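**Q** Let me give you the structure first, and then I'll get to my questions.
Residue numbers (our numbering), protein chains in the order written: chain C, 530 to 643; chain S, -6 to 104.
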């Protein structure tokens, strides 16, 4: 199974809402990633988890809160978002941390903040 | 900071033609990867080339790496309509801990 799944596929939320994005992989990968992608732009790295510990936080605002409950799951908790946070949120995993490993991407969650 | 830059930003070709996309980067790398993204979907890994390699092939894909010029190219031969997508190169940052994507080339292979 070389699939990364993400739920939900689409999410519309108000600026006062709290919601969570979920990501799951069953490839035994030890590194997992959250990216944000705006239209016609490349994905921008947000967070990296390695062996279930937060390894990289690319200065992401605290209204985004990542969580890695176990080696297969990655969550992104959202609270008090702004309209400019509307984007495609991509989850990815790789065998281990580092650029020597290819990343497997999920289909993304299309987030709209109203 | 952005490491890789793709050229051209957009490319339109006819099916059957070859498509070449280039990626330039600023600092030394250990590895360079190419990814494809169909509209609004997740990215798919195409090829990884290491800094000590000059060329790699995978099916209709050919990737070259010139570390002296800090550049890489992706050649898609005999393109198909299904090749229509955005193509991104990804280069090392943070001492190879992760990589950063270039702005991408949007390829349209017209039937």
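Glycine residues also receive a C-beta, built at the ideal position from the N, C-alpha and C atoms.
Nothing here was measured: the structure is a model prediction, and the numbers come from that model.
1. Are the C-beta of residue 637 of chain C and some C-beta of chain S separated by less than 8 Å?
2. With 9 Å as the C-beta to C-beta threshold (strictly closer), list the residues of the region 598 to 628 of chain C near chain S in chain order.
3. Is residue 74 of chain S helix, strand or coil when you go by DSSP?
4. Taking its Cβ as the centre, do 16 or more other Cβ atoms sit within 10 Å of residue 613 of chain C, making it buried, or is it exposed?
5. Is it the case that the region 602 to 613 of chain C contacts the region 539 to 554 of chain C, given that we only count it when at least three CB pairs across the two stretches are under 8 Å?
6. Any idea what DSSP makes of residue -3 of chain S, helix, strand or coil?
7. Taking Cβ positions, are residue 594 of chain C and residue 581 of chain C nearer each other than 8 Å?
8. Please confirm if the region 10 to 26 of chain S is in contact with the region 610 to 626 of chain C, defined as three or more CB-CB distances below 8 Å between the two stretches.
9. Once you ignore the five residues that flank residue 7 of chain S on each side, which residues in its own chain have a CB closer than 6 Å to its CB?
10. Could you check whether the Cβ of residue 571 of chain C sits closer than 8 Å to any Cβ belonging to chain S?
11. Quick one: which chain D residues come within Cβ less than 7 Å of residue 554 of chain C?
**A** Reading off the structure:
1. Put simply, the CB of residue 637 of chain C is near chain S, with a gap under 8 Å to one of its CB atoms.
2. Of all residues in the region 598 to 628 of chain C, those with a C-beta nearer than 9 Å to a C-beta of chain S are 617, 619, 620, 621, 626, 627 and 628, reading in chain order.
3. In the structure shown, residue 74 of chain S sits in a helix (DSSP, three-state: H, G or I).
4. Around the CB of residue 613 of chain C, fewer than 16 other CB atoms lie within 10 Å, so the residue is classed as exposed.
5. Yes, they touch.
6. Residue -3 of chain S: strand per DSSP, three-state reduction.
7. Not closer than 8 Å, so no.
8. Look at the beta carbons and you see the region 10 to 26 of chain S not touching the region 610 to 626 of chain C: under three pairs across the two are nearer than 8 Å.
9. Answer for residue 7 of chain S: 103, listed in chain order.
10. Closer than 8 Å to some Cβ of chain S, the Cβ of residue 571 of chain C qualifies, so yes.
11. This model lacks chain D altogether, as its protein chains are C and S.
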